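The block underneath contains the structure these notes are about, expressed in structure tokens.
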Amino acid sequence: MQSAEPWWHGAVGYEVYIRSFADSNGDGIGDLPGVITKLDYLKWLGVDIVWLTPFYPSPGHDHGYDVSDYCGVASRHGTIGDFDALVSEIHGRGMRVMVDVVPNHTSIEHPWFSSARSDPSGPERQRYIWADPAPDGGPPNNWLSHFGGPAWTLDEASGQYWCHLFLSEQPDLNWRNPAVRDDFDAILQWWMDRGVDGFRVDVAHALIKDAELRDNPQTAPLHDSMHPFEAFAAFDHRHDLDQPSNIEIFERWRQVCGPQQVMLLGEVNAPWPGGMARYVAPGALDQAFFLRPAMMGWDPGLLLQMLRSMHDAAPEGVSWVISNHDRPRPVTRFGGGEAGLQRSLAVTTLFMALGGTPFLYQGEELGLPDGVLRGDHYDPVAIRDGCRTPMPWDAGPYNGFSAGTPWIDSETRPQKQTVASQRDEPSAPLHRYRSLLGLRRSHPDMWQAPLQWLDSADPLVCALRRGSITVVANLSPEPTSFGLDSSGWQIVYSSQEVGSVSNSSDIVLIPAETTLVLKTS
Ligand code: GLC
Ligand code: CA
Numbered sequence: 000m001q002s003a004e005p006w007w008h009g010a011v012g013y014e015v016y017i018r019s020f021a022d023s024n025g026d027g028i029g030d031l032p033g034v035i036t037k038l039d040y041l042k043w044l045g046v047d048i049v050w051l052t053p054f055y056p057s058p059g060h061d062h063g064y065d066v067s068d069y070c071g072v073a074s075r076h077g078t079i080g081d082f083d084a085l086v087s088e089i090h091g092r093g094m095r096v097m098v099d100v101v102p103n104h105t106s107i108e109h110p111w112f113s114s115a116r117s118d119p120s121g122p123e124r125q126r127y128i129w130a131d132p133a134p135d136g137g138p139p140n141n142w143l144s145h146f147g148g149p150a151w152t153l154d155e156a157s158g159q160y161w162c163h164l165f166l167s168e169q170p171d172l173n174w175r176n177p178a179v180r181d182d183f184d185a186i187l188q189w190w191m192d193r194g195v196d197g198f199r200v201d202v203a204h205a206l207i208k209d210a211e212l213r214d215n216p217q218t219a220p221l222h223d224s225m226h227p228f229e230a231f232a233a234f235d236h237r238h239d240l241d242q243p244s245n246i247e248i249f250e251r252w253r254q255v256c257g258p259q260q261v262m263l264l265g266e267v268n269a270p271w272p273g274g275m276a277r278y279v280a281p282g283a284l285d286q287a288f289f290l291r292p293a294m295m296g297w298d299p300g301l302l303l304q305m306l307r308s309m310h311d312a313a314p315e316g317v318s319w320v321i322s323n324h325d326r327p328r329p330v331t332r333f334g335g336g337e338a339g340l341q342r343s344l345a346v347t348t349l350f351m352a353l354g355g356t357p358f359l360y361q362g363e364e365l366g367l368p369d370g371v372l373r374g375d376h377y378d379p380v381a382i383r384d385g386c387r388t389p390m391p392w393d394a395g396p397y398n399g400f401s402a403g404t405p406w407i408d409s410e411t412r413p414q415k416q417t418v419a420s421q422r423d424e425p426s427a428p429l430h431r432y433r434s435l436l437g438l439r440r441s442h443p444d445m446w447q448a449p450l451q452w453l454d455s456a457d458p459l460v461c462a463l464r465r466g467s468i469t470v471v472a473n474l475s476p477e478p479t480s481f482g483l484d485s486s487g488w489q490i491v492y493s494s495q496e497v498g499s500v501s502n503s504s505d506i507v508l509i510p511a512e513t514t515l516v517l518k519t520s
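Here's what the structure looks like:
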């Protein structure tokens with residue numbers, strides 16, 4: 000029997016980027032036993048769902064997002080016994096565990112790819128997307144890889160190209176092949192049998208490709224100095240991304256996962272709000288990450304407009320993030336320093352009162368700016384290293400992340416950015432985030448009562464009411480006042496220190512770039 004209320008209703012998620020979270024054995028790489036040692040911290044912070052990025056066997060060209068065995072644990076991250084222990088430790092603390100599933104592509108070292116490559120006429124070939132060269136011998140069409148260059152690599156032995164929307168070491172699976180669908184049903188089941196509560200679905204919008212592999216229309220000129228992401232954005236991706244039949248795959252996954260109430264959360268990068276909403280329509284995914292706020296600089300007008308329209312298109316279907324392992328940290332993107340922190344917390348405070356599930360990325364609760372790299376870059380597209388430097392636990396060597404030398408060479412964080420120091424400092428970001436999570440838990444109206452937007456003349460001010468709770472976000476650079484329709488409201492949370500906020504009768508004064516949560520008595 001399924002209960003009407005999904006278990007994730009009201010939950011807050013937390014992304015653990017495993018390589019950089021906690022290293023238990025001094026080899027410089029974060030691991031599953033390391034995560035176990037930090038679960039009390041996550042529980043104390045108020046986290047409900049722990050999302051683990053890939054820890055599967057992988058040659059590591061894309062740091063684990065190139066999987067060579069979907070049902071195993073890479074020795075660099077631990078053992079399957081460690082995974083089982085982690086699941087039971089998470090459950091023992093009343094939290095849930097979500098793992099990444101990477102269905103768009105495998106590693107070039109996956110045995111499926113080896114068979115497909117070695118026998119062009121065999122049935123295994125059809126697990127991947129192969130095509131003959133264009134008449135000039137070049138790639139079969141104009142598709143680009145997100146990570147630079149064509150989305151095609153020539154297999155000299157067979158004379159055909161394989162398709163890869165990411166690195167050439169990440170060949171794309173052919174989701175039109177029923178064998179691929181069957182395999183992933185079994186993979187989901189395998190992890191469900193080990194007790195996972197949810198899956199984060201990598202690149203969920205890209206699984207099906209155009210059957211005829213047609214060219215994408217180009218919408219802007221290309222030039223040599225473009226970052227790969229910019230070059231990718233110079234095309235209308237109508238034939239490689241967001242094909243309508245992607246949804247059928249998730250309808251099928253719902254049949255596999257739904258009976259056990261295992262959550263399906265997609266990384267979906269589709270046009271918003273309507274394109275996104277299709278993925279979380281009844282019977283498909285439960286939720287999808289809305290990634291735009293994690294990709295943008297500080298543009299509060301656009302941000303609020305996006306949040307409202309995305310929310311209304313899928314009121315319980317969105318996972319809200321401004322931070323993940325793929326983009327510069329929001330404190331840095333939103334202007335750096337105290338301003339960047341204030342803006343980040345103002346947005347996250349608003350997230351806590353929207354439908355769906357807010358997620359924090361490790362270190363976001365410390366108000367971290369991007370880490371500073373000392374070495375060369377480690378990320379194939381260079382821009383994702385700053386958010387992947389080790390979690391700063393204390394002021395010791397390598398900030399207590401590892402007793403050895405971390406896999407990524409970055410500057411040690413100042414003491415005030417560490418967990419140990421912030422725990423002792425009541426005004427530190429860590430306590431502001433922790434109180435926010437606690438507030439959401441102790442005021443279920445914030446996520447449970449029907450949501451009503453309140454009118455605001457200023458496009459940089461967004462206000463909503465949910466039962467006994469009103470939330471007003473003033474994202475403008477000026478203080479403002481907001482009229483409540485009655486007196487008796489009390490400020491129960493401010494994204495800036497409460498001392499700076501005054502509330503007289505039915506008008507509330509809100510400092511610049513601040514979100515307030517008010518409660519009626
Ligand atoms: C997702 C992951 C990213 C990875 C890519 C390819 O966007 O979040 O880290 O590089 O998929 O798997
Ligand atoms: Ca380790």
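Residue numbers for the sequence shown follow numbering that gives the first Met the number 0, beginning at 0 and rising by one. Yeah, the Cβ is synthetic: ideal placement off N, Cα and C, and Gly gets one too. These figures come from a predicted structure and were not determined experimentally.
- Annotated three-state conformation of L474 is coil, per DSSP.
- Per the coordinates, the alpha-carbon of R199 lies some 28 Å from the alpha-carbon of N215.
- In the structure shown, G12 adopts extended strand secondary structure according to DSSP, grouped into three states.
- For V86, the secondary structure class from DSSP, reduced to helix, strand or coil, is helix.
- Within a 10 Å sphere around the beta-carbon of L221 sit fewer than 16 other beta-carbons, which makes this residue exposed.
- Of all C-beta pairs linking the region 186-196 to the region 221-233, fewer than three are shorter than 8 Å, placing the two stretches out of contact.
- If you look at K518, you'll find it isn't in any alpha helix (DSSP H); it sits in the beta strand (DSSP E) that goes T513 to T519.
- Relative to the Cα of T388, the nearest Cα in the group V72, I207, R412 and V380 belongs to R412.
- Remark: the shortest separation between the CB of D454 and any heavy atom of ligand 1 does not fall under 6 Å.
- Inclusion of L306 and D285 in the CB contact set at 7 Å is not warranted, their separation being larger than that value.
- Counting every other CB atom within 10 Å of its CB across the protein chains shown gives T347 a total of 16 or more, marking it as buried.
- Residue environment for F228: exposed (fewer than 16 other C-beta atoms within 10 angstroms of its C-beta).
- Uninterrupted alpha helix (DSSP H) stretches at least 4 residues long and entirely within the region 326-359 occur at 329-332 and 336-350, given in chain order.
- Secondary structure note for R383: it is in no alpha helix (DSSP H), with a DSSP letter that is neither H nor E.
- Per the DSSP secondary-structure output, G403 pairs with nothing in a beta bridge.
- Within 6 Å of the C-beta of V202 there is at least one heavy atom belonging to ligand 1.
- D61 has its CB nearer than 6 Å to a heavy atom of ligand 1.
- Fewer than three pairs of CB atoms, one per stretch, sit closer than 8 Å, so the region 142-159 makes no contact with the region 241-259.
- In the assembly as shown, A472 is a buried residue. Its beta-carbon has 16 or more other beta-carbons within 10 Å.
- One alpha carbon belongs to L344, the other to P138, and they sit about 46 Å apart.
- Judged by the Cβ position, D81 fails to qualify as a neighbour of ligand 2 at the 6 Å threshold, every heavy atom of the ligand being at least this far.
- Taking one beta carbon from each stretch, the region 128-138 and the region 26-44 have fewer than 3 pairs nearer than 8 Å; the two do not touch.
- L359 has its alpha-carbon roughly 8 Å from the corresponding atom of V11.
- Collapsing the DSSP output to three states places I506 in a strand.
- The beta carbons of D22 and F400 sit closer together than 7 Å.
- A residue is called buried once 16 or more other Cβ atoms fall within 10 Å of its Cβ, and P327 is buried on that count.
- Looking at the DSSP output, I48 sits in a beta bridge with G12 and R95.
- Contact between I28 and W406 holds: their C-beta atoms lie close to 5 Å from each other, under 8 Å.
- Counting along the chain, T152 sits inside the beta strand (DSSP E) bounded by residues W151 to D154.
- Taking a 10 Å sphere around the C-beta of T479, we find 16 or more other C-beta atoms and assign the residue as buried.
- Setting aside the 5 residues that flank it on each side, L303 is surrounded in the same chain by C461, each with a C-beta closer than 6 Å to its C-beta; the list follows chain order.
- The three-state secondary structure of M295, taken from DSSP, is coil.
- For D181, the closest of R251, A233 and T218 by C-alpha to C-alpha distance is R251.
- Under DSSP, the beta-bridge partners assigned to A287 are G265 and V317.
- For L429, the enclosing alpha helix (DSSP H) starts and ends at P428 to S441.
- For N398, the shortest C-beta to heavy atom distance toward ligand 2 is 6 Å or greater.
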